[in-house]
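One point on numbering: in this note's numbering, the residue at position 6 of the sequence shown is 416, and numbering is uninterrupted.
These notes are about the structure you will find just below.
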Amino acid sequence: MHSILYISTARAPLSEKELAQVLQISRRNNARCDVTGLLVVGGRRFLQALEGPEEAVRATFERISRDPRHFAVVILADKPIAERNFARWSMGFEKGADAGSDQSLQDQLAGIIAPIQDRNLQAYFAGFVKSHGSKTAA
Ligand SMILES: Cc1cc2nc3c(=O)[nH]c(=O)nc-3n(C[C@H](O)[C@H](O)[C@H](O)COP(=O)(O)O)c2cc1C
Numbered sequence: 411m412h413s414i415l416y417i418s419t420a421r422a423p424l425s426e427k428e429l430a431q432v433l434q435i436s437r438r439n440n441a442r443c444d445v446t447g448l449l450v451v452g453g454r455r456f457l458q459a460l461e462g463p464e465e466a467v468r469a470t471f472e473r474i475s476r477d478p479r480h481f482a483v484v485i486l487a488d489k490p491i492a493e494r495n496f497a498r499w500s501m502g503f504e505k506g507a508d509a510g511s512d513q514s515l516q517d518q519l520a521g522i523i524a525p526i527q528d529r530n531l532q533a534y535f536a537g538f539v540k541s542h543g544s545k546t547a548a
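What follows is the structure in structure tokens.
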């Protein structure tokens, strides 16, 4: 089992309708290739975790990273995992805060994950951001 976590920036903020479309297509495609994960949107920032069989995760990530709707894709983690963290979701979705672009990357990530409702999930992402702080601080 493999996992990739990345952040990116939308070229233009996605409308509710556009976001719903991205989620619909993501869930359909991911279900087909056994990929699960979570997408957090905060203003123009995306934070997404993808997990599943390594080849499927890489192929999905490659496709996503070529999507012209976002840019500045930065991988925060690319590693094997013992078990899934988001087994229930072909692609879960959470709304984060609208993080200002003048903040450091770490501050932005903290802002994005702060409003996540599920405490376990929030702790997971918070731990993640903390452990990668030195690499991701802008
Ligand atoms: C922030 C973001 C996250 C996305 N996440 C996924 C995803 O998890 N799975 C997926 O298949 N496509 C995802 N997409 C869409 C892909 O970039 C691409 O448009 C889509 O996979 C093409 O699918 P299709 O060839 O079936 O139309 C995402 C796009 C964006 C902008």
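Backbone N, C-alpha and C define an ideal beta-carbon position, used for all residues, glycine too.
Using three-state DSSP, classify residue i as helix, strand or coil.
i           : result
residue 496 : coil
residue 485 : strand
residue 521 : helix
residue 421 : coil
residue 452 : strand
residue 544 : Its pLDDT being 43, under 50, residue 544 is placed unreliably by the model, and nothing is read from it.
residue 458 : strand
In terms of residues, what are the limits of the alpha helix (DSSP H) holding residue i?
i           : result
residue 527 : No alpha helix (DSSP H) contains residue 527, which DSSP labels as neither H nor E.
residue 432 : 426-443
residue 476 : Run containing residue 476: none; DSSP gives neither H nor E here.
Report the CB separation of residue i from residue j in whole angstroms; it is logged as a contact under 8 Å.
i           : j           : result
residue 459 : residue 495 : 7 Å
residue 448 : residue 504 : 7 Å
residue 519 : residue 457 : 7 Å
residue 474 : residue 413 : Their Cβ separation, rounded to whole angstroms, is 14 Å, which puts residue 474 and residue 413 out of contact at 8 Å.
residue 488 : residue 466 : Wrong, their Cβ atoms sit about 14 Å apart, outside the cutoff.
residue 437 : residue 500 : 4 Å
At what residues does the beta strand (DSSP E) containing residue i begin and finish?
i           : result
residue 502 : 502-505
Tell me whether the segment 466-485 and the segment 420-430 touch, counting them as touching only if at least three CB pairs, one residue from each stretch, are closer than 8 Å. yes
Using 8 Å as the Cβ pair cut-off and three pairs as the minimum, do the segment 519-531 and the segment 439-453 touch? yes
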